[in-house]
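K.L.:
With our numbering, the residue at position 180 of the sequence shown is 219, and numbering never jumps.
The C-beta atom is built at its ideal place from N, Cα and C for all residues, glycine as well.
This structure is a prediction, so every number in the text was calculated from the model and none was measured.
Quick one: this structure, given as structure tokens, is what I'll be asking you about.
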Amino acid sequence: MLKKSKVTEETGTGQGPDEDNGKEVGIKKKSKVPGVMITQYIETLPEGKSHPDFTRKPIALTIQEGKFAFFKAIVTGDPTPNVTWSRNNGEVSDTSRYQSKYDPNSNEHTFEMPNVMPDQADTYKCSAINEFGQAIVTVVLNVIEVGFKKNKVQKPAAETMDGDFKTVLKRKSKIRPKSEQPERKDGEIDPKFWEILLSSDKKDYEKVCAEFGVTDFRWMLKKLNEMKKEREEEQAEFVKSISNLKPIQVNADGTASFELDMDLIEQSSSIFLYKDGEMIPYTKELGDKMKHSLKHTGKKYVFSMRDLLPEDAGLYQLDVEGVNMFSTDFKIPMVDFLVKLQEVTAVERQDAVFECVLSNPFSKILWFGKNLPLEQGDKYDIEVSEDKLIHRLVVKDCMVVDKGIYSACAGIKSCNAWLIVEADKDAQKGKKSARKTTRAGGSGVDLQKIAEEQQEKLQKQREEIKEQIKAVKETAAAAAQAESPPAPSKAKPAKAPDSGMDSSALDVKGTGDSDKTSSPPPAASASAEVSGIEPKITCGLSDIYALRGNPAELSVNMNVDCEGTWFKDGEQLNSGAGVSITKSGSCHKLTIPRCTDDNTGIYKFISGDLSTQGKVTVGDVPEFDPDDLHKFSKPVIVRVGQNAAFKMPFPPQESLVVSWFKDGTELKDGGGVKIGREPNHSRLLLRDCLRTDAGEIKIQLKNPFGAIEATSQLIVLDRPGPPQGPVETVETTSSIIEIKWNPPKDDGGSAVTNYIIERLQCGQCLWTKLGDVSSDRTTFRDRNVTHGKKYNYRIYAENPEGTSDSLETADSIMAGVMILAGPPGAPTVVSASKTCIKLSWTPPEDDRGVPIIGYQIEKRKKDTNLWVALNALHEPIEAVNYAVKDVTEGAEYEFRVSAINESGAGDASPPSAMVCAKNPNMRPCFKDPEDFIVIRAGNSARVKICYEAEPPPQITWLKDDEPLSPWIQIINTEGMSQLVIPSSKRSDSAIYTIKAKNSVGEASFDIEVRVTDEPKTPGPVVLEQTVHGKVEISWAPSPDEELDDRLHYMVSQHNSDTRVWKTVADRLFTNTYTVNNILPGIEYHFRIYAKNDMGLSDPSQSPTWGVNSNRVQVSSSGANSTDVCFERPPSILVPLKVHTPPKGYQVYMTCAVRGCPTPTVSWYLNDVCINSDSNYYITNSFGVCSIYILRVRPKDSGEYKVVAVNSFGKAECSTIVTVRD
């Protein structure tokens, strides 16, 4: 049995007040290692100091009784913590059972338990404490009890079977330990046969049957299928799936392992490993210390076994919670290596040979190279001689990477050797050398000769065994003849010692069973004495427990008839005084007719120098008080989620074991179960009860004299389960739908009071309550239905605790007969592209009296027979056209349409014509391109042009109708082309042209790319007054004016009156400007900015224009003054410039005109006046005449003329504007 530790709910150190000095715990800290509790005593730690912590915590251990158990931990902290170990239910002060050690080299703290016993199973605690805090971790030790214990109660056979019956049933496999295996009848098949078959592949059935001598394959397969079905039902309770079963086999490292993929339903389920029916301990972590280990990764479980020995052979089984999951038979053949592998040194491109000779024939051994299994193939040849004694491995075409250790494994024996690969010195550099025809390696001895000698030796051994078997058969036949009953007078007992039998064989059943042991005749005794047989006690005394008032018997069997004396507590006993002493041949008995407390003691039997003793203990079976028993038997009723508590008083007794059971299964403390034990009572608490917790609750009191049980019932109330389906349709007409269901499987602990029925009409989203019916009725008739409509129903069961989940109809129920619409017209393809196919169709000619609510479209791909619906029935297409977007470019499809009404989808239309999902051929065209881009010098320029064309066009880029420079990159993708200038310069400014050409046509587009920078500051500013109230401003041009034809100027003014800078002129393409309204007595300042597409330059400041500066001198004497005349004919100060804009671009032209009086200015295009044309925006601001064309057209090309006329004359200037395509 597995003795598990009891996990108590006591507050751990560091979780409550300090037990030593009463101070409150400090700050809780989180460790990097899960499960470690850290308490820091002070808020801020000194520099360089730290509280204790675990870098490696102890690991839970399950180990067999009598083995060496230990825990290891690594602790950090400054100052160095003090580490102590303790356990929850006991002391660890006994140094013979508990030893604490510390290794300063590895910094490991070890807690050792030599020869671990079941009473040491517990929860252990490791504490690390220094002045700044403490760290605590707990670990569980489970101990598997094995063997016979003298201090345990010996029971009669019938009582033992009754008490351990449920324990036996816990493991459902029929494989039992040898001590528990019943004798098999003649012809009965070994249970191992079925266990091995259940886990074997079908290809191995014949081999397994031959091994166990089964010849009736049809019967075997029939029974195997039945057993598989039962086993799968048992496994389904604990696992979701089992796969990839790999039988046990020996690995290259000398271990054996088997593995499987297993998906557990509950990850906490217990996993047990058995060998020939006996549980064996294993560990998940300490694989280097224990023989058996488990490695768990995801769903994969790998069980390994190290230090293989011949006795490790047997049937290994893996159980989950008592249910067998996998069985595998580990066979260890008696074989050894007569000639082992030798080291091989080979040259590159040469074959290397490893060979060995076995002591017994072996059809196939395992070969490993660098710990990886090797198989026959292009790289390796595996050869076996005819007598199966010589085995070879050939490593073909050796390369340097093949260097390593190669091993051969036969059974549990293995040998290995190195393969050393040297470089080919004769090979030419840079060329691969030719394959060598020679082989390197071998054993260096005559393997064939050794194999023949071994074969002769094996043949001789087989002949000797046959002769021994023949001699045994002849001896058995002679013995059978000698056993014929002779005459009594001819008996020769004196020859008994010569038979070769041990003296103990005279007592056939010396087990203390006095009724079946007959005493030898006096002649035999005398013969034994004459022959000098040494007296022995064949069956001695043992400790027994006797019920008060019942008889008890002590029995001792000897191998010869001799006298003996009985003693109790050192005093000799004689017949009488409440005991009876009898002797029957070699059997001595002491009988107590009626046991009392006075009969308790140590009884001893002495015969000569021989003695045996045993203890007799008299007591009673545990009892319950009748009132307590009656109170306990009343059912406990709770609701779901509540706690259920049971309490049972009983008289205090020694050696009393209290167990709780639910429906026959023993309950363990932990999880939602809490079991409390006091000297005079026991409590059971079930937390957060569920409906599945309802059932029989039983308490059992057990002592060495017997056991007593008391039962109660736990009733958990909950709302009922859903009614059982499926929902049946009893009747459906145009006005009535009648449905039927079954009562719920679980009524929730109280009777169902009624059922609630709800209905949902197809196409709607609101459930409507129709009513309820009493619990004795499981049918409902719905009279409020519409013919042709479909309905869904759901039914709820209700009891005093609430309403159940619903039972819903699997399919909609139609009121009346289904009426489907006729077929629509065949779909017509409106258009097709690589991403979309547009369809249209006509409604059905016959809707059969039911309105059509929509359509369903289906598609079929060419060369397939599968029609795929594009929309669900509950999502009908209301229009008679649809755009199908779920298509694959280049694939061909045909489509069909069905009309949908309340009854569903009607007949499908004829299919459409086959259509291919591809774009139609089209001439290239550009999508929303930009025709003007400004880039700052030094930045990368990226021009993106999107286009549409089919087939894909050839893209060409030009710069000013010339090929592009090498550093300009072109990136073409589907539907888009990009021109990239990595680091732009002013010289990259140009008209870039993209041309797209395919088989249908071609198209081109011009993009003006202007690379510029912020303009430089204009030159010095000069102010000059020509007349009163006007100041002429002139300035030197900006150095960038020659580089940028779009550069212009802006003038800002500031005066001492307003003290605010304001723009007085903008977009000036000349270097002069006349400011009006200059008032006397006010100071003026002017700033001139150069401006282009990137922004403004720094300003050029003008001199101060003040009250007495730069004024025209006017004579105050009228007699000496002369008249000044300002009248003059018009003149052109700044002429028009030539412009060649691309089509669609804007054009801005200016010129400067002077004259007095102010001349009238007219604009002409090709000698036609355009002053009144709304396509041109014409302005005249103080002599600056401008014309602005928003988007030039080809008809805007021509000669533009400006004519200025006043009373003194006329002036004109002209320019040519050419609009490029």
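1) Residue 807 and residue 838 look like a contact to me (Cβ under 8 Å); what is the Cβ gap, rounded to whole Å?
2) Considering only C-alpha positions, which residue in the set 879, 403 and 110 is nearest to residue 425?
3) So is residue 446 buried or exposed if we call it buried at 16+ other beta carbons inside 10 Å?
4) Quick one: what does DSSP say residue 935 is sitting in, helix, strand or coil?
5) Could you name each continuous beta strand (DSSP E) segment of 3 residues or more that falls completely within the segment 1019-1100, going from the start of the chain to the end?
6) For residue 360, which residues in the same chain have their Cβ closer than 7 Å to its Cβ, ignoring the five residues on either side in sequence?
7) Alpha carbon to alpha carbon, how far is residue 636 from residue 758?
8) Output yes or no for whether 9 Å exceeds the beta carbon distance between residue 680 and residue 727.
9) Does the beta carbon of residue 1045 sit closer than 9 Å to a beta carbon anywhere in chain D?
10) According to DSSP, simplified to helix, strand and coil, what is residue 458?
11) Could you check the C-alpha separation between residue 1000 and residue 1029 for me, to the nearest Å?
12) So, is residue 1143 buried or exposed, given that buried needs 16 or more other C-beta atoms within 10 angstroms?
13) How far does the alpha helix (DSSP H) with residue 985 in it extend, from its first residue to its last?
14) Beta carbon of residue 173, beta carbon of residue 85: below 9 Å?
15) If you reduce the DSSP assignment to three classes, tell me which class residue 1208 lands in.
16) For residue 913, which three-state DSSP category applies?
17) Who are the Cβ neighbours of residue 967 in its own chain at under 8 Å, not counting the five residues just before and after it?
18) Within 10 angstroms of the Cβ of residue 116, are there 16 or more other Cβ atoms? Answer buried if so, exposed if not.
19) What number of angstroms, rounded off, separates the C-alpha of residue 1123 from the C-alpha of residue 1192?
20) Terminal residues of the continuous beta strand (DSSP E) containing residue 296?
21) May I have the straight-line CA-CA distance separating residue 1203 from residue 1243, to the nearest angstrom?
22) Quick check on residue 1004: buried or exposed, where buried means 16 or more other Cβ atoms within 10 Å of its Cβ?
23) Can you give, in chain order, each stretch of the beta strand (DSSP E) that sits fully within the segment 646-688 and has at least 3 residues?
24) Which value, in whole angstroms, describes the spacing of the CA atoms of residue 645 and residue 690?
25) My understanding is that residue 1175 touches residue 1253, with C-beta atoms under 8 Å, so please give their C-beta distance in whole angstroms.
26) Would you tell me roughly how many angstroms separate the C-alpha atoms of residue 764 and residue 832, rounded to the nearest one?
27) Short of 7 Å in beta carbon distance, which residues of its chain neighbour residue 1256, apart from the five on each side in sequence? Order them along the chain.
28) Give the straight-line distance between the Cα atoms of residue 730 and residue 265, rounded to the nearest whole angstrom.
29) Contact between the segment 847-866 and the segment 885-896: three or more CB pairs below 8 Å?
30) Taking buried to mean at least 16 other C-beta atoms within 10 Å of its own C-beta, is residue 1074 buried or exposed?
31) Roughly how many angstroms separate the alpha carbons of residue 1231 and residue 1183, rounded to a whole number?
32) Who pairs with residue 752 in a beta bridge, going by DSSP?
33) Let me check one thing: in DSSP terms, what residues is residue 142 bridge-paired to?
34) Quick check on residue 932: buried or exposed, where buried means 16 or more other Cβ atoms within 10 Å of its Cβ?
35) Take residue 1259 and list the residues in its own chain whose beta-carbon comes closer than 8 Å to its own, dropping the five residues that flank it on each side.
36) Within a Cβ cutoff of 6 Å, which residues of the same chain sit near residue 382, ignoring the five residues on either side of it in sequence?
P.N.:
On the basis of the supplied data:
1) With a beta-carbon spacing of about 23 Å, residue 807 and residue 838 fall beyond the 8 Å limit used to define contacts.
2) Nearest option by C-alpha distance: 403.
3) That one is buried.
4) Strand at residue 935.
5) Whole beta strand (DSSP E) segments, 3+ residues: 1029-1036, 1041-1051, 1060-1063, 1070-1074 and 1087-1094.
6) Result list for residue 360: 277, 308 and 309, in chain order.
7) C-alpha separation (whole angstroms): 57 Å.
8) It is a contact, given that the beta carbons lie within the stated cut-off.
9) This model lacks chain D altogether, as it is built from one protein chain only.
10) Correct three-state label for residue 458: strand.
11) Using only the alpha carbons, I get a separation of about 10 Å.
12) Exposed, because fewer than 16 other Cβ atoms sit within 10 Å of the Cβ of residue 1143.
13) Counting along the chain, residue 985 falls outside any alpha helix (DSSP H), though it belongs to the beta strand (DSSP E) covering 980-989.
14) Contact flag unset, no.
15) The DSSP-derived three-state label of residue 1208 is strand.
16) Three-state result, residue 913: coil.
17) Excluding sequence neighbours, residue 967 sits near 985.
18) Buried is the call here.
19) Here the alpha carbons of residue 1192 and residue 1123 stand approximately 25 Å from one another.
20) For residue 296, the enclosing beta strand (DSSP E) starts and ends at 295-303.
21) In a straight line, the C-alpha of residue 1203 is about 12 Å away from that of residue 1243.
22) Residue burial annotation: residue 1004 is exposed, with fewer than 16 other C-beta atoms found within 10 angstroms of its C-beta.
23) Qualifying beta strand (DSSP E) stretches, in chain order: 649-658, 675-678 and 683-688.
24) Their backbone Cα atoms lie some 40 Å apart in a straight line.
25) About 7 Å separates the two Cβ atoms, so the contact holds.
26) Rounded to the nearest angstrom, the two C-alpha atoms are 12 Å apart.
27) Sequence-distant partners of residue 1256 (beyond 5 residues in either direction) whose C-beta falls short of 7 Å from its own C-beta, in its chain, are 1178, 1186, 1235, 1236, 1237 and 1239.
28) Approximately 33 Å, taken between the alpha carbons.
29) Contact between the segment 847-866 and the segment 885-896 is established, with three or more Cβ pairs separated by less than 8 Å.
30) Flag for residue 1074 reads buried.
31) One C-alpha to the other measures close to 5 Å.
32) Answer is 735, bridged to residue 752.
33) Residue 142 pairs with 147.
34) Result: buried.
35) 1030, 1045, 1179, 1180, 1181 and 1182, listed in sequence order.
36) Around residue 382: 456 and 457.
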